[in-house]
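Input: a single structure, listed below in structure tokens.
In the working numbering, the protein residues as written are 1 to 82.
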């Protein structure tokens, strides 16, 4: 999330039932929503509102918390090394 925010992306948080947070740049609010779920989809958008990609997280999945992500350069850069 820090990388996405540093790139001036907004982050939306899907908790499996609804978009709990939409187009946020508030790290604490994003983190609070992520910690409230067992599975989370993060969707990033750039400054113009275009979708950058999504990252699917499964919490408690040990080293594989990031289970899937959009296959493009910008999203791959966000998850590289994590």
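Yeah, the Cβ is synthetic: ideal placement off N, Cα and C, and Gly gets one too.
Beta-carbon spacing of residue i, residue j below 9 Å
i, j, result
"residue 41", "residue 60", "no"
"residue 70", "residue 58", "no"
"residue 13", "residue 24", "yes"
Range covered by the beta strand (DSSP E) that runs through residue i
i, result
"residue 22", "19-24"
"residue 69", "66-69"
"residue 41", "39-45"
Burial state of residue i, where buried means 16 or more other Cβ atoms lie within 10 Å
i, result
"residue 43", "buried"
"residue 4", "buried"
"residue 76", "exposed"
"residue 31", "exposed"
Cα-Cα separation, residue i to residue j
i, j, result
"residue 45", "residue 27", "15 Å"
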